[in-house]
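Residue numbers (the UniProt record's numbering): 1 to 407.
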């Protein structure tokens, strides 16, 4: 059988104030086309379908329209779990109607998907909290999926029935997943794991979460989870949360982040976005490959020291969003800034990088500057550090602070 793994759509997300909605429409259409081209039997969406808990009408409409296409008008099952950007209740709200199309939303660990056969021929063979087994028309064996949507530590402990905070959450989850695998995941079917957490290999430093992703590694969130806590019966673990395509590990089975379909922050500049195609048989290692996504504008970070060089690069790269750093001896003058902004409609930030002259004349000026008042010195310092004058509101706050100190 063939399976398509995608994640982290973040419908409704903006790049600062710039809408990405048109790009999202194009890239989701591309994903639906890939599913059709490869005639996949099952689609897995590993969380963060929306970017916030209260998505816009347009974002919701785009989700339903895309899932209908992915489901091949109800003839191909699609499983969608919630991520840390999704409101569980909102994600699950359309499930009774969606289920008739073979689309299953899962975000609440207490919920059990009802067993039974649908009009489209899809059959839910077995189900309990955090697990479902499907019989897909045209596939000769059952497909078992352990479902691990995002939930914070409090909700997870409630689901696991464990109030002892000394008991490590990782071990509790590992025990629950092992019980499900031991009960349902034998060698007669394909066994999958669908999750939205931060997974690392035990002993590795997880490092900081990318700035493009709302963090979950914090008090009240969750711990980093270990790949060896996913049961060994699993043949492929389809993950969401991290926006870069990579396999956290490949053996004894692949544990893979599919990536987001678009680059959503400049920390993702240069990343190639993908979906993952998996070919699976019972009791056999899976084959998987990443399929690049081509829609949407690239994100770039570039540094220039000469205006002519910058303008030439901008003319050669019209289809991107750009964070531009400009090296200058002083602040960026208004004429230079206007020239840059006029040359390209995708410039999001222009960041001055000041080359400071450390010669003696600067030191003499600094001594002379000590005669100036505090507000003027603040303005000079801000100009030196940021390459621009402080905003009047910031100046007013600083003035209020020093006036309180003088009182």
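Glycine included, each C-beta is placed from N, C-alpha and C at the ideal position.
| query | result |
| --- | --- |
| Need the endpoints of the beta strand (DSSP E) that residue 79 sits in, please. | 78–81 |
| With burial defined as no fewer than 16 other Cβ atoms inside 10 Å of the residue's Cβ, what is the status of residue 373: buried or exposed? | exposed |
| Excluding the five sequence neighbours on either side, which residues of its own chain have a C-beta within less than 8 Å of the C-beta of residue 180, listed in chain order? | 128, 130, 131, 146 and 231 |
| Take the Cβ of residue 335 as the centre, count every other Cβ of all protein chains shown within 10 Å, and call the residue buried at 16 or more, exposed below. | exposed |
| Between the C-alpha atoms of residue 302 and residue 325, what's the straight-line distance to the nearest angstrom? | 6 Å |
| Between the Cα of residue 199 and those of 256, 252 and 119, spot the shortest distance and give me the residue it belongs to. | 256 |
| Taking residue 304 as the reference, which of 314, 296, 297 and 402 has the closest Cα? | 314 |
| Could you tell me which residues DSSP pairs with residue 289 in its beta bridges? | 277 |
| Would DSSP call residue 200 helix, strand or coil? | strand |
| Terminal residues of the continuous alpha helix (DSSP H) containing residue 311? | 307–316 |
| In chain order, what residues of the same chain lie with their CB nearer than 7 Å to the CB of residue 55, ignoring the 5 residues before and after it? | 11 and 12 |
| Across the segment 242–261 and the segment 278–288, are there enough close Cβ pairs to call them in contact, namely three or more that are closer than 8 Å? | yes |
| Using the Cα positions of residue 122 and residue 144, report the straight-line distance between them to the nearest angstrom. | 14 Å |
| Ignore the nearest five residues each way along the sequence and tell me which others in residue 351's own chain have a CB closer than 6 Å to its CB. | 325 |
| Would you mind reading off the limits of the beta strand (DSSP E) that contains residue 353? | 347–354 |
| Return helix, strand or coil for residue 43, following the three-state DSSP convention. | strand |
| Buried or exposed: residue 309, going by 16 or more other Cβ atoms within 10 Å of its Cβ? | exposed |
| Can you grab the Cα-Cα spacing for the pair residue 360 / residue 377, in whole Å? | The pLDDT assigned to residue 360 is 43, lower than 50, so where the model puts this residue is not dependable; a value taken from the coordinates is nonetheless given after this. Distance between the alpha carbons of residue 360 and residue 377 is about 19 Å. |
| Determine the extent of the beta strand (DSSP E) in which residue 124 is found, giving its start and end residues. | 123–128 |
| Should the segment 232–245 be called in touch with the segment 181–195, which here means at least 3 C-beta pairs below 8 Å? | yes |
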